Amino acid sequence: MPFRRPRFVNGRILHNGGNGIFYRMEVSIPDRIEFLPGQFAMVSGWPGNDPLLPRPLAIFRAGGARGKGTVEFVYKVVGRGTALLSGLHGGDPLQITLPLGNGFDLGREDRIWWLVGGGVGFSTVFPAAVVLEEQRAAFEVFLGARSRDQLPPREWVPGGGTPGRAHLCTDDGTAGFFGRVTDAVRERMDRLKATERARLSILACGPREMLREIAELAVPLEVPVQASLENHMACGFGVCWGCVTAVRDGEKTAYRRVCKEGPVFDAREVVW
Ligand SMILES: Cc1cc2nc3c(=O)[nH]c(=O)nc-3n(C[C@H](O)[C@H](O)[C@H](O)COP(=O)(O)OP(=O)(O)OC[C@H]3O[C@@H](n4cnc5c(N)ncnc54)[C@H](O)[C@@H]3O)c2cc1C
Ligand code: FES
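In the working numbering, the protein residues as written are 40 to 311.
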């Protein structure tokens with residue numbers, strides 16, 4: 040039986056490679072997992088205790104057969120932990136706790152879904168696209184990057200071959216829409232009929248500023264936004280309170296743990 044409750048596992052890397060910007064790592068694990076898009080894992084694999092803490096990575100894909108599981112991660116090197124991960128090879132061990140957090144709610148029928156990924160945030164929204172494609176749901180993907188080389192490889196975009204489905208946006212205009220992904224979302228939103236807008240739901244992951252702008256754009260129009268936050272994390276399973284985000288609680292402000300109550304939040308709740 041695949042497991043879906045958080046568990047610590049010793050994995051072994053099957054493949055780890057990249058194009059210098061993004062890396063994709065496939066790992067064999069003792070059992071298959073079931074996960075919801077948006078859920079994540081805490082990952083460490085470097086020898087010794089430096090850095091001390093594992094790093095959170097979205098679960099990009101999971102598979103396996105006959106009791107054996109596999110899990111895939113996509114990551115960008117931004118610091119020491121991810122640089123160390125990029126130096127690991129097939130056969131190296133990897134320590135993983137997964138699946139963690141609350142993923143996206145894709146349960147609503149007859150919705151039009153827009154999936155917005157800024158930077159490496161695509162690694163969190165692509166698994167949702169895979170599920171929506173299986174459900175034959177209507178969805179479009181908006182991907183934002185500084186320039187063409189910072190966009191994910193086209194073949195990774197689920198359903199990316201379908202005309203009009205993937206909107207690529209670059210800040211410098213080297214590919215797709217010339218401008219920020221939030222501007223592309225705004226333009227597309229302005230062209231929607233009221234009946235279509237009433238069915239729209241947005242799933243988003245990326246820099247906080249991008250998420251805030253998406254919320255400011257969509258919430259006044261009563262378009263639901265599920266925003267996946269990428270706060271720094273220490274433990275990853277709710278004990279250290281190192282990852283909190285401020286949320287509205289009636290008239291007051293409360294704090295929620297991104298690793299436990301998130302990482303996916305209703306954008307209306309978050310104090311941006
Ligand atoms: C739930 C969740 C899912 C994530 N999924 C992915 C994923 O699928 N792929 C991926 O590449 N990254 C993902 N991240 C971000 C990833 O965890 C960080 O990039 C990573 O922890 C950085 O570790 P490091 O040791 O390489 O960098 P550090 O040395 O810790 O930091 C290097 C630089 O990056 C900044 N930084 C570190 N962590 C974050 C963060 N969370 N948000 C913004 N800036 C940060 C630091 O401020 C510093 O400037 C996710 C984060 C969360 C919380
Ligand atoms: S990272 Fe420890 S409580 Fe969230």
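C-beta atoms are modelled at their ideal positions from N, C-alpha and C, and glycine is treated no differently.
Quick caveat: nothing in here was measured; it's all calculated off a predicted structure.
1. Give the single residue among Phe-47, Tyr-114, Phe-304 whose Cα lies nearest to the Cα of Ser-125.
2. For the 8 Å Cβ check, are there 3 or more pairs between the stretch 129 to 138 and the stretch 191 to 211?
3. Is Asp-288 helix, strand or coil when you go by DSSP?
4. Would you give the residue range spanned by the alpha helix (DSSP H) that Ile-253 belongs to?
5. Within the present structure, is the beta-carbon of Val-297 separated from the nearest heavy atom of ligand 2 by less than 7 Å?
6. Could you check if Gly-106 is buried or exposed, using at least 16 other CB atoms within 10 Å of its CB as the buried criterion?
7. Between Gly-103 and Arg-71, which are expected to be in contact by the criterion C-beta below 8 Å, what is the C-beta distance as a whole number of angstroms?
8. Is the closest heavy atom of ligand 2 to the C-beta of Ala-285 under 7 Å?
9. To the nearest angstrom, how far is it from the Cα of Leu-154 to the Cα of Asn-49?
10. Here's the rule: buried if 16 or more other CB atoms are within 10 angstroms of the residue's CB, otherwise exposed. What is Thr-209?
11. Is it right to say Val-224 is buried, meaning 16 or more other beta carbons lie within 10 angstroms of its own, or is it exposed?
12. Tell me, to the nearest whole angstrom, how far the beta carbon of Leu-127 is from that of Gly-59; I am working on the premise that it is less than 8 Å.
13. Have a look at Phe-112 and Thr-292 and give me their C-alpha separation to the nearest angstrom.
14. Kindly give me the distance between the Cβ atoms of Phe-161 and Pro-191, rounded to whole angstroms, as I take these residues to be in contact under 8 Å.
15. To test your reading of the DSSP string, which unbroken alpha helix (DSSP H) runs of 4 or more residues are found completely within the stretch 182 to 230?
16. Comparing alpha-carbon positions, which option in Glu-248, Ala-237, Asn-88, Gln-78 lies nearest Val-297?
This is what the structure gives:
1. The residue given as residue 125 occupies position 86 in the sequence shown. The shortest Cα separation from Ser-125 among Phe-47, Tyr-114, Phe-304 belongs to Tyr-114.
2. With a cut-off of 8 Å, the stretch 191 to 211 and the stretch 129 to 138 do not count as touching, because too few Cβ pairs lie within range.
3. Walking along the sequence shown from the start, residue 288 turns up at place 249. Three-state DSSP puts Asp-288 in a strand.
4. Residue mapping note: residue 253 aligns to position 214 of the sequence shown, counting from 1. Per DSSP, the unbroken alpha helix (DSSP H) holding Ile-253 starts and ends at 247 to 257.
5. Along the sequence shown, one-based indexing puts residue 297 at 258. Yes.
6. Here residue 106 refers to the residue found at position 67 when the sequence shown is read from its first residue. Exposed, because fewer than 16 other Cβ atoms sit within 10 Å of the Cβ of Gly-106.
7. Sequence index remark: in the sequence shown, residue 103 carries index 64 (1-based). Sequence index remark: in the sequence shown, residue 71 carries index 32 (1-based). Confirmed, about 4 Å.
8. Position 246 of the sequence shown holds residue 285. It does not: the Cβ of Ala-285 is nowhere closer than 7 Å to a heavy atom of ligand 2.
9. Residue 154 sits at position 115 when you count from the first residue of the sequence shown. Residue 49 sits at position 10 when you count from the first residue of the sequence shown. In this structure, the straight-line span from the alpha carbon of Leu-154 to that of Asn-49 is close to 32 Å.
10. Start at 1 with the first residue of the sequence shown, and residue 209 comes out as number 170. Thr-209 should be labelled buried.
11. Position 185 of the sequence shown, counted from the first residue, corresponds to residue 224. With 16 or more Cβ atoms within 10 Å of its Cβ, Val-224 is classed as buried.
12. In the sequence shown, residue 127 corresponds to position 88, counting from 1. In the sequence shown, residue 59 corresponds to position 20, counting from 1. With a Cβ gap of about 16 Å, Leu-127 and Gly-59 do not count as contacting.
13. The sequence position of residue 112 within the sequence shown is 73, counting from 1. The sequence position of residue 292 within the sequence shown is 253, counting from 1. Phe-112 and Thr-292: Cα-Cα distance of roughly 34 Å.
14. Within the sequence shown, the letter at position 122 stands for residue 161. Within the sequence shown, the letter at position 152 stands for residue 191. Correct: roughly 5 Å between the Cβ atoms.
15. Secondary structure within the stretch 182 to 230: the alpha helix (DSSP H) runs of 4 or more consecutive residues, fully enclosed, are 220 to 230 (chain order).
16. As a working mapping, residue 297 is identified with position 258 in the sequence shown. The candidate whose alpha carbon is nearest that of Val-297 is Gln-78.
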